[in-house]
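Chains A and B supply the protein sequences, listed in that same order. Under our numbering, the residues of the first sequence are numbered 10 to 127, in order. Under our numbering, the residues of the second sequence are numbered 1230 to 1345, in order. Virtual Cβ for every residue (Gly too), placed ideally from N, Cα, C.
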Amino acid sequence: AQSVTQPDIHITVSEGASLELRCNYSYGATPYLFWYVQSPGQGLQLLLKYFSGDTLVQGIKGFEAEFKRSQSSFNLRKPSVHWSDAAEYFCAVGAQGAGGTSYGKLTFGQGTILTVHP
Amino acid sequence: NAGVMQNPRHLVRRRGQEARLRCSPMKGHSHVYWYRQLPEEGLKFMVYLQKENIIDESGMPKERFSAEFPKEGPSILRIQQVVRGDSAAYFCASSHGPRITNEKLFFGSGTQLSVL
């Protein structure tokens, strides 16, 4: 069964500093990988996703993530953090289902809470 | 276009009562997913429904939980005889089609269930 680990429960950065949120996954085949952001009282919003191809993917709000198969990682990065980025971030993996299709059954990590200091 | 609408936002029940959580997917979406988020945990998949059909209920507890997505109206997650351990945030997500490689999942804001 697949699993996702986000080693950092809580990260604090200063506004303008760079950010990297770690995500490690366990899955036997090529995974489908996602990063979502959740603001308080809100649903999850998709930041970016990786299915195949270029291992560096660009997302919304200036985020990017790099898929590294050798390290089973899909870390999220942002060069300069804004105060509005304070939220909880979830990494998720989707599995390839029967017949090569995959639907929205995702396995989520436990999340990383990002605090941004002015 | 309204997003995925969940109601109520907050639901308080006493042990042994029934809880009904509603999810109206985005317009034109016929695929609905329910996830549960326990405190300090990530979201856990519960069930995947397509109009009038349960496609995958592998994450649903075997007892007391049921879900439906009728031809007309919202999807309903029903929890009978609630216990304190059912206290959690329940999220609904919808998509236009089934394939995650072609579609985007849109999440609602969730229903926070508190069992006293």
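query: Touching by the beta-carbon criterion (3+ pairs, under 8 Å), the stretch 25 to 36 of chain A and the stretch 87 to 102 of chain A; result: yes
query: Residue 79 of chain A - DSSP class collapsed to helix/strand/coil; result: helix
query: Rounded C-alpha distance that separates residue 1318 of chain B from residue 95 of chain A; result: 20 Å
query: Bridge-paired residues (DSSP) for residue 20 of chain A; result: A:123
query: The beta strand (DSSP E) enclosing residue 1233 of chain B, as first and last residue numbers; result: Unbroken run through residue 1233 of chain B: none, as it is neither H nor E.
query: The beta strand (DSSP E) enclosing residue 14 of chain A, as first and last residue numbers; result: 12 to 14
query: Neighbour-count burial assignment, residue 78 of chain A, 16 or more Cβ in a 10 Å radius; result: exposed
query: Contacts around residue 1242 of chain B, its chain only, beta-carbon distance under 6 Å, and the 5 residues preceding and following it disregarded; result: 1248, 1311, 1344
query: N- and C-terminal bounds of the beta strand (DSSP E) containing residue 1251 of chain B; result: 1248 to 1253
query: Near-chain A residues of the stretch 1318 to 1332 of chain B (beta-carbon distance less than 8 Å), N- to C-terminal order; result: 1320, 1322, 1324, 1327, 1328, 1329, 1330, 1332
query: Cβ neighbour criterion (16 or more within 10 Å) applied to residue 26 of chain A; result: exposed
query: Residues that residue 51 of chain A contacts on chain B, provided the C-beta gap is smaller than 9 Å; result: 1336, 1338, 1339
query: Beta carbon of residue 1250 of chain B nearer than 8 Å to that of residue 1306 of chain B; result: yes
query: Residues near residue 1266 of chain B by beta carbon distance below 8 Å, same chain, minus five either side; result: 1272, 1273, 1317, 1318, 1319, 1320, 1339
query: CB contact below 8 Å: residue 103 of chain A versus chain B; result: yes
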